[in-house]
Amino acid sequence: MNRPKKTGLSRAEQLARLPQGFVCAIDDFSAYLKMELGRGPNTVSSYIGDVLQFCQSAVAEGKTSFLDVDADTISDWISDISKRVKTTTQSRKLSALATLANFLIDEGIWDKNFSRLVARPKVVRSQPEVLEAGQIDDIINAPDGGSAESARDRAMLELAYSSGLRVSELCNLRESDIDYSGRIIRVKGKGEKTRLVPVGVPAIEAINAYRARRAELLKGGTCPELFVTRRGKKMSRKTFWFNIKKYAQKAGIDAHVKPHAMRHSFATHMLRNGANLFSIKEMLGHSDLSTTQIYTQLVRDDIANEYSAKHPRSKMDVEMD
């Protein structure tokens, strides 16, 4: 197939280069994601990016609107991207197309969901990165400069581990979302779903220490989000990602610590200490228990390793009569 050439154009410029038969439908699909399905901005952005990429591929095959698209068009595109992206990315792109297909059927543009005729790639879930409790302590204690930014970073790290928040949830948190006396936070997660999550005492103490210094960062301004930059603006996910890597290096942790390491460690440590899997699912905001069950494999591995290392007969060759 003819692969569309990569360009340095913005998304708006790429959309403008598509035939109108695609552009109008994409605009309406974006509104459908936000208004009818209640998808968050990150999901909307990802889905529109995937659909835009698909449309560019379809245009390269001579299509001028979604009316020209069929299962072969989708199959050709998936076949092409399978050579360049992971199966998890392929699966997400197909999910975007499946959602688009439902929209196009509702609009009377398609009469069947062509995405269902394409085999979905088998996704092998990789085990989440988990840090040991001592490593978590070292990372949390790394911001020790005595500045307002250090107080903010420690509070964010404490809260990320204490409550298992996604990075986006952490950055979007508002002070009004925290019940300090009840040690509960209200979290707006994926799909605008709200959940209540408990917070530990160390995290509450770190947040209060940061609140006492927050005005230094605001510099007379205001910001609805709790965690702000030195310019008084909402903390971005990229800045937090940079900070957690910085503090991991400062703590002497050689492993490449990823942004969700605190969240994964929270879930695994809870499970190791006997927490109910369903409770962990609710605290993490997973819609499906199967997503949470990946942590059980880590605990099973712990048990197997502990047995092999400690049981006196695990390494003995025993002759049976």
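Once you know that position 131 of the sequence shown is 132 in the numbering used here, the rest is easy, because the numbers rise by one and skip nothing.
Just so you know, even glycine gets a beta-carbon here, dropped at the ideal spot from N, CA and C.
Note that the structure is predicted; figures quoted are calculated from it, not measured.
Backbone CA spacing between residue i and residue j [nearest angstrom]
i	j	result
Leu38	Phe67	21 Å
Phe104	Arg231	43 Å
Asp322	Thr297	Legend: pLDDT at Asp322 = 47, less than 50; position of this residue unreliable, value from coordinates given subsequently. Going from the Cα of Asp322 to the Cα of Thr297 covers about 37 Å.
Ile82	Gln91	7 Å
Gln21	Ile27	10 Å
Ile254	Arg215	29 Å
Glu193	Ser169	12 Å
Ala213	Arg40	35 Å
Arg117	Ala156	45 Å
Trp78	Ser47	17 Å
Ser266	Asn142	16 Å
Asp29	Leu174	30 Å
Asn114	Arg153	48 Å
Ala13	Ser182	47 Å
Leu95	Ile75	9 Å
Ala61	Gly50	17 Å
Ile186	Gly286	13 Å
Gly190	Gly201	20 Å
Glu176	Thr195	15 Å
Opposing strand residues paired with residue i [DSSP bridges]
i	result
Gly22	Ser66
Val86	BP columns for Val86 are empty, so no partner.
Ile185	Asp180 and Pro199
Val52	The partner list for Val52 (beta bridge, DSSP) is empty, contrary to what the question assumes.
Arg175	Glu226
Lys235	Val229
For residue j and residue i, believed in contact at Cβ under 8 Å, the rounded distance
i	j	result
Leu1	Met263	With the chain covering 2 to 322 only, the question about residue 1 has no answer from this structure.
Leu290	Lys282	5 Å
Leu227	Ala149	That pair is no contact at about 13 Å.
Ile208	Leu160	7 Å
Leu278	Thr293	6 Å
Pro129	Ile295	6 Å
Ala99	Trp111	Wrong, their Cβ atoms sit about 12 Å apart, outside the cutoff.
Cys224	Lys235	6 Å
Pro199	Arg184	6 Å
Gly233	Lys220	5 Å
Selected residue, minimal CA-CA separation from residue i, among the options
i	options	result
Leu16	Tyr33, Ile79, Lys84 and Val52	Val52
Lys259	Ala207, Tyr211, Ser11 and Ile245	Ile245
Gly146	Tyr211, Ala204 and Lys113	Tyr211
Gln57	Arg167, Val131 and Phe23	Phe23
Met284	Val70, Asp138, Leu166 and Ser237	Leu166
Ala252	Ile110, Ile140, Gln54 and Asp107	Ile140
Ser163	Ala134, Gln250 and Gly109	Ala134
Val45	Gln54, Ala32 and Thr195	Ala32
Leu10	Leu34, Val229, Gln54 and Lys35	Gln54
Ala268	Val131, Thr195 and Lys189	Val131
beta-carbon residue i near the ligand ADP non-hydrogen atom, thresh 8 Å
i	result
Leu160	Annotation note on the ligand ADP: not contained in the displayed structure, which lists no ligands.
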